[in-house]
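Contents: one structure, followed by commentary.
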Amino acid sequence: MRLSFSASPIIGMIHIGPLPGTPYYGAKGDYAAVRAKAIADALALAEGRAQGGLVQNRDDRVFPTYQADPVVVAAFADITRAVVDAVGDRLAVGVQVLRNDLRASLAIAHICGGSFVRCGALIGGTETPNGRMEGDPYAILNYRRQIGAEKVQLIAEIASMHFHSERPLSDLAHDAAFVGVDAVGIAHPDLTTSLDWVAQVKTAAPQLPVIIGGYTNAENIARYLAVADGAFVGGAFEDGGRGGAVNVERVKKFMQAVKK
């Protein structure tokens, strides 16, 4: 199941707990508990009628800039396959191996039935708490072709809590459209700023879908979707904020606001 950006998809976060081989593994239970929570979160998103779910290892907290440890990749693949099997065609499943292991993300999505990858840095570069990241679209797009994963969609962040570039947003949007990404992500805590960013992207690349990358809730989602083409939703779906269990009633309430 692929994301349809013309349908303004709502993509929930499947925040998986610390994985084996990372400094905080065990803080939220053993591997079986981490895996079970991911499956439960995905099922809640599907039951609540979200269109997508992004598997992301945010609770690892400390990440290598590019290449994840093999045990992390193995666990991630196992969890992704379990999530895909659980939700079937009810939810488009995405992959983001933090901080920016796009090769692993593509490989997992391709082999395990995922639909899309969220790219922390594909176009341009940014500073992060784990060091500077530089995008390499040639390498990633070439790798996607080499492994036969052309159907895996790419959502590239170009301005968000995770990506801060010195380059003009319009240039990043133009470059993203030029290399052929499927959508770009933007996010700012100030609603007015986010809406302005969407307008800048739409001016620079009118056909490029824009996904709101965060700070969404049931009260502001209608304003976002009036101009954008979808949204990632994390804390608004989760009990106790980011990283908590996805609450199906929260998802249903949010999706009712979307339909209005």
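Quick note on numbering: the sequence shown equals residues 1448 to 1707 in my numbering. Positions of the beta carbon are idealized from the N, C-alpha and C atoms, including for glycine.
In the structure shown, the three-state DSSP call for Thr-1650 is helix. Assignment of His-1621 by DSSP, reduced to helix, strand and coil, places it in the helix class.
About 5 Å separates the CB atoms of Gln-1647 and Leu-1616; that is less than 8 Å, so the two are in contact. Sorting Ala-1603, Leu-1538, Ala-1524, Asp-1506 by C-alpha distance to the C-alpha of Glu-1494 places Leu-1538 at the top. Residue environment for His-1609: buried (at least 16 other C-beta atoms within 10 angstroms of its C-beta). Distance from the CA atom of Arg-1614 to the CA atom of Gly-1459, rounded to whole angstroms, is 29 Å.
With contacts defined as CB atoms closer than 9 Å, Ile-1668 and Ile-1633 fail to qualify as a contacting pair. With contacts defined by Cβ atoms closer than 9 Å, Ile-1555 and Ile-1463 do not form a contacting pair. For the pair Gly-1541 and Leu-1501, the CB atoms are nearer than the 9 Å cut-off.
In the three-state scheme derived from DSSP, where H, G and I count as helix and E and B as strand, Glu-1613 is classed as coil. Every alpha helix (DSSP H) stretch that sits fully inside the stretch 1453 to 1523 and reaches 4 residues is listed by chain position as 1478 to 1494. Annotated three-state conformation of Gly-1661 is coil, per DSSP. Separation of Asn-1589 and Gly-1468 (C-alpha to C-alpha, rounded to the nearest whole angstrom) is 29 Å. One thing to note: Ala-1704 has its Cβ no nearer than 9 Å to the Cβ of Phe-1452. Sequence-distant Cβ neighbours of Cys-1559 in its own chain, meaning closer than 7 Å and more than five residues away, are Ala-1524, Thr-1527, Arg-1528, Val-1531. Under a 10 Å Cβ-count criterion, Ile-1594 is classified as exposed, with fewer than 16 other Cβ atoms of the shown protein chains found around its own Cβ. A contact is defined here as three or more CB-CB pairs under 8 Å, and the stretch 1510 to 1522 fails this definition with respect to the stretch 1483 to 1493.
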